[in-house]
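Peer 1: Here you go, one structure.
Residue numbers (my numbering): 3 to 633.
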């Protein structure tokens, strides 16, 4: 019989996983195109292979890209079939293909956070359930947080791929369901233990012979508030997996099972070789950094995060010893969540053309002590784990800033910044739930400003359009704008934060903020200033009550909840910023004239909209004199 036990992952060094990220940073070599460099690398790697392994580079690329495109088709099917805004529009999901050895071989361009966890979830779920208990057309559902999972909303569907009654691989889709039960709509809140957060699903057969296992389906739906959307989103995951199965079987049918297996083996080894080659370019040494979550939702005591990064001839090791013990509060990251953050940081440090599969993940190593906020154990709440993981990503990048300053940005928004609410929809006469994450400022870099209002790092989700939100849910978005003066000043400034106000005009609702950054904004680098902290306000235009970053409030009719997210940190001294860039920011109302004068030391004539060069020179010379006279 399948095993449904909850077994924790202990904090020993282990390989990690994440998807290929287009936001990864790298510097092209000379004037060659990136594609040319990739081809040269491919040929070089094949030249290093044994002549006993006949690999055709063209066929290799055909199979490699066919696998990746299969995952993209899975993603398209899921996105087009889903019901909830969070999945169909915000793209809060991921898809991947695994071979018969349960190694990831391809993944869609979606969420690095999710994909890093799938490397733990799939083999552990399949081993727990038992391959002997599966047949063609079956599918396993799972969301166990402590055995390769993340928070409960992220539910994975795993389907075997059979060819002539023989398993040849697996496909998987992970989607963030807008509600899985628990103590608040959208299943987010300042909970004390995991059992308050929603339904926990061990590996169970959710699909049997191509159709729902009705008993399991009904049991899951009975726990959730938004039943219509949840049912539709589960059907979308089945559609995605069926698409992946068809594409994988078509590739095998065309190329042959043994050929595809041989080329998958080489794809993984090729990726391993290229990853090792990239890591060898990084400067060797030991790099340390610390950071904090501002609060845990129950106390004002910051949550300490520590990383010791060792780069040597064996690769990278991220050691999180010294981080706080887990808390009975929504600030605990699971092992898989922390793994995802580590792998994301690694991917940002190497050539983005390097594929992402098991060959990449075997090069990522970490030490995460069990029972801490970076590797929590039952019954610790996990709903806020992504908040902690994203801040931990910031700490890891900060540790790398001295080693590779040209690649590492200043501090970003560094939080998921959940917005979740629900109630009874008076128009549709049904219970509803809504979830989104709010964008913030990205950190400035060595040669450019940080982008305004983006979803940083592993979030990689899209905006929920006002029109769609108001059409599908009983809420109005009354303000949606950049927050003036929220940037971290610097020679290159951080991106601006975002304001988004929710009005509930004709019904009572329950609203949860699960975020952070209300005390300290994202850090600056090399003389750059920190970004402004975030603010959460109830009824900003009347009573204006400041709300904590982790709270559930009950709203009356016409109440408004306002988010003002933090700006990104600055890079370099602000008085070294090009005055014309400051002028542009002032004209665009990103920066006020007084801030331009006091922080950037740029005097602007707002009647002629020009820089007063003489006054600016005087302001900046005063700063230079202060530095020269400093002890």
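Backbone N, C-alpha and C define an ideal beta-carbon position, used for all residues, glycine too.
Give a yes or no on whether 9 Å exceeds the smallest Cβ distance from residue 233 to chain D.
Peer 2: This model lacks chain D altogether, as it is built from one protein chain only.
Peer 1: Taking 9 Å as the threshold (C-beta atoms), are residue 414 and residue 444 in contact?
Peer 2: Yes, these two residues count as a Cβ contact at 9 Å.
Peer 1: Contact between the region 464-474 and the region 366-385: three or more CB pairs below 8 Å?
Peer 2: No contact exists between the region 464-474 and the region 366-385.
Peer 1: State the beta-bridge partners of residue 556 as determined by DSSP.
Peer 2: Per DSSP, 512.
Peer 1: If we require 3 or more residues per run, which beta strand (DSSP E) segments fall completely within the region 156-209?
Peer 2: Fully enclosed beta strand (DSSP E) runs of 3 or longer: 156-165, 168-178.
Peer 1: Between the Cα of residue 597 and the Cα atoms of 531, 369, 567, which residue gives the shortest distance?
Peer 2: Closest option to residue 597, Cα to Cα, is 531.
Peer 1: Exposed or buried, which one is residue 196 when buried takes at least 16 other CB atoms within 10 Å?
Peer 2: Answer is buried; the Cβ neighbour count reaches 16.
Peer 1: Cβ atoms of residue 332 and residue 188: under 9 Å apart, would you say?
Peer 2: Going by C-beta atoms, residue 188 is not nearer than 9 Å to residue 332.
Peer 1: By the 10 Å Cβ neighbour count, where 16 or more other Cβ atoms means buried, how is residue 508 classified, buried or exposed?
Peer 2: Exposed is the call here.
Peer 1: What three-state label does DSSP hand residue 477 in the structure shown?
Peer 2: Residue state, collapsed to three classes: coil.
Peer 1: Mark residue 581 as exposed unless 16 or more other C-beta atoms lie within 10 angstroms of its C-beta, in which case mark it buried.
Peer 2: It is buried - the Cβ of residue 581 has at least 16 other Cβ atoms within 10 Å.
Peer 1: Report the residue from 87, 412, 432 whose alpha carbon sits nearest the alpha carbon of residue 523.
Peer 2: Out of 87, 412, 432, 412 has the C-alpha closest to the C-alpha of residue 523.
Peer 1: Could you check which residue in 433, 437, 73 has the C-alpha nearest to that of residue 248?
Peer 2: If we check each option's Cα against that of residue 248, 73 comes out closest.
Peer 1: Enumerate in chain order the residues of its own chain whose CB-to-CB distance from residue 262 is below 7 Å, with the five nearest sequence positions on each side excluded.
Peer 2: The residues are 65, 253, 254.
Peer 1: Excluding sequence positions up to five away, which residues of its chain have a Cβ less than 6 Å from the Cβ of residue 164?
Peer 2: Around residue 164: 138.
Peer 1: Here's the rule I'm using: 16 or more other beta-carbon atoms within 10 Å means buried, otherwise exposed. How should residue 30 be labelled?
Peer 2: Below a pLDDT of 50, predicted positions are generally treated as unreliable, and residue 30, at 32, falls in that range; no measurement from the model is reported.
Peer 1: For the putative contact between residue 176 and residue 96, defined by C-beta atoms under 8 Å, what is the C-beta separation to the nearest angstrom?
Peer 2: Correct: roughly 5 Å between the Cβ atoms.
Peer 1: In this structure, does DSSP put residue 483 in helix, strand or coil?
Peer 2: Note: residue 483 maps to strand in three-state DSSP.
Peer 1: The alpha helix (DSSP H) with residue 116 in it runs from where to where?
Peer 2: Run containing residue 116: 114-131, per the alpha helix (DSSP H) assignment.
Peer 1: If we count the other Cβ atoms within 10 Å of its Cβ and call it buried at 16 or more, is residue 510 buried or exposed?
Peer 2: The residue is exposed, with fewer than 16 neighbouring Cβ atoms inside 10 Å.
Peer 1: So, with DSSP's three-state summary, where would you put residue 534?
Peer 2: Here residue 534 sits in coil by DSSP.
Peer 1: In this structure, how does DSSP classify residue 351 when only helix, strand and coil are distinguished?
Peer 2: Residue 351: helix per DSSP, three-state reduction.
Peer 1: By DSSP's criteria, residue 306 is part of a beta bridge. Which residues make up the other side?
Peer 2: The partner list for residue 306 (beta bridge, DSSP) reads 294.
Peer 1: Our contact map puts residue 296 next to residue 304 with C-beta atoms below 8 Å; I'd like the distance itself, whole angstroms only.
Peer 2: Residue 296 to residue 304, Cβ: 6 Å. Contact.
Peer 1: For residue 380, which beta-bridge partners are listed by DSSP?
Peer 2: According to DSSP, which records beta bridges pairwise, residue 380 is partnered with nothing at all.
Peer 1: By the three-class DSSP mapping on this structure, what secondary structure does residue 504 have?
Peer 2: Residue 504: strand per DSSP, three-state reduction.
Peer 1: Can you tell me whether residue 275 is helix, strand or coil according to DSSP?
Peer 2: Correct three-state label for residue 275: helix.
Peer 1: Might you give, ordered along the chain, the residues of its own chain that have their beta carbon closer than 6 Å to the beta carbon of residue 299, omitting 5 neighbours on each side?
Peer 2: Counting only Cβ-Cβ distances below 6 Å, and skipping sequence neighbours, we find 192, 331, 332, 552.
Peer 1: Let me check one thing: in DSSP terms, what residues is residue 436 bridge-paired to?
Peer 2: 423.
Peer 1: Just how far apart, CA to CA, sit residue 492 and residue 122?
Peer 2: Each residue's alpha carbon lies about 40 Å from the other.
Peer 1: What three-state label does DSSP hand residue 85 in the structure shown?
Peer 2: Here residue 85 sits in coil by DSSP.
Peer 1: Just list the alpha helix (DSSP H) runs in the region 358-405, keeping only unbroken ones of 4 residues or longer that don't cross its boundaries, in chain order.
Peer 2: Counting whole runs of 4 or more residues, the region 358-405 contains the alpha helix (DSSP H) stretches 360-363, 387-402.
Peer 1: With DSSP collapsed to three states, give me the class of residue 343.
Peer 2: Helix, per DSSP.
Peer 1: Should residue 106 and residue 359 be called a contact, given that it needs their Cβ atoms to be closer than 9 Å?
Peer 2: The answer is yes: Cβ separation under 9 Å.
Peer 1: Under the rule that 16 or more other beta-carbon atoms within 10 Å means buried, what is residue 34, buried or exposed?
Peer 2: Reliability of the predicted coordinates at residue 34 is poor, the pLDDT of 42 falling under 50, and no value is obtained from them.
Peer 1: Taking residue 142 as the reference, give the member of 219, 224, 481, 112 with the closest Cα.
Peer 2: Comparing Cα positions, the closest option is 219.
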